[in-house]
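Asker:
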Amino acid sequence: MIISTRGHKVYNTYCKWAPLIYLLSEARVLGEGQINEPISGYTILWRGLPEGQRREVCVQFALKNSLVSSIAEIRSGISEQTMSCRIKLTKARFLTVISIYSPTMSHSDESVRQFYDDLVELLRKVPISDKLVISGNFNARIGNDYVSWPVLRRHGIGKCNKNGVDLFTFCTENNL
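Residue numbering for the sequence shown follows numbering that gives the first Met the number 0, beginning at 0 and increasing consecutively.
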């Protein structure tokens, strides 16, 4: 994996805050793999398009090196837009973190549908007892219609776009 100078600046900035996990998208890295960054104290896991293809989308995890030994499982979705990491918290408790990058509004309805199908398939593999975090770029505006979408409560702003409706539908159908 080749991380650009800009990429190193991003990682170094994040390292100053020192959280345990970062989820990154739009990194435009090819292939999939893992690299240890001893200076920053993080291990980076990524999944992008196969080598030789256009650098378009890539999801990544940056985990504190101290967490790497607690990784129980890493799963890639069907596409390069989803990836999950299952981390052992205690003897019997786990955290599953799913990193995503949703298609933008310029993509076809079919590619958006495929993304959500892939995400649902990844969700089905998460044990019900796990703590779950899904994060990333949903490329959505969720608006402020908390009457139609009670999960929103009174926290939204602006108007909902099509990707926002897709996100709310996904959350509703999967009890999130």
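Glycine residues also receive a C-beta, built at the ideal position from the N, C-alpha and C atoms.
Note that the structure is predicted; figures quoted are calculated from it, not measured.
1) For residue 163, which three-state DSSP category applies?
2) Return the CA-CA distance between residue 69 and residue 159, expressed in angstroms with no decimal places.
3) Considering only residues of the same chain and omitting the five flanking positions on each side of residue 75, which have a CB-CB separation below 6 angstroms?
4) Go through the segment 37-116 residue by residue and report every complete run of the alpha helix (DSSP H) that reaches 4 residues or more, in order.
5) Would you tell me roughly how many angstroms separate the C-alpha atoms of residue 79 and residue 166, rounded to the nearest one?
6) Is the segment 129-146 in contact with the segment 91-110, if contact means three or more CB pairs nearer than 8 angstroms?
7) For residue 175, which residues of its own chain have a beta-carbon under 6 angstroms away from its beta-carbon, when the five flanking residues on both sides are left out?
8) With distances taken Cα to Cα, identify the nearest neighbour of residue 88 among 65, 38 and 110.
9) Can you give the beta carbon distance from residue 34 to residue 60, rounded, assuming they're within the 8 angstroms contact cut?
10) Output the distance between the C-alpha atoms of residue 156 and residue 102, rounded to the nearest integer angstrom.
11) Would you mind sorting residue 4 into buried or exposed? The rule is 16 or more other CB atoms within 10 Å of its CB.
12) Determine the DSSP secondary structure at residue 174, reduced to helix, strand or coil.
13) If you draw a straight line from the alpha carbon of residue 1 to that of residue 145, how long is it in whole angstroms?
Answerer: On the basis of the coordinates in this document:
1) helix
2) 39 angstroms
3) 46 and 82
4) 64-67
5) 19 angstroms
6) yes
7) none
8) 65
9) With a Cβ gap of about 11 angstroms, residue 34 and residue 60 do not count as contacting.
10) 21 angstroms
11) Per-residue confidence for residue 4 stands at a pLDDT of 46, beneath the threshold of 50, marking its modelled position as unreliable; the derived number appears in the next sentence. Exposed: under 16 other Cβ atoms inside 10 Å.
12) coil
13) Bear in mind that the predicted position of residue 1 carries a pLDDT of just 43, short of 50, making it too unreliable to give a figure here.
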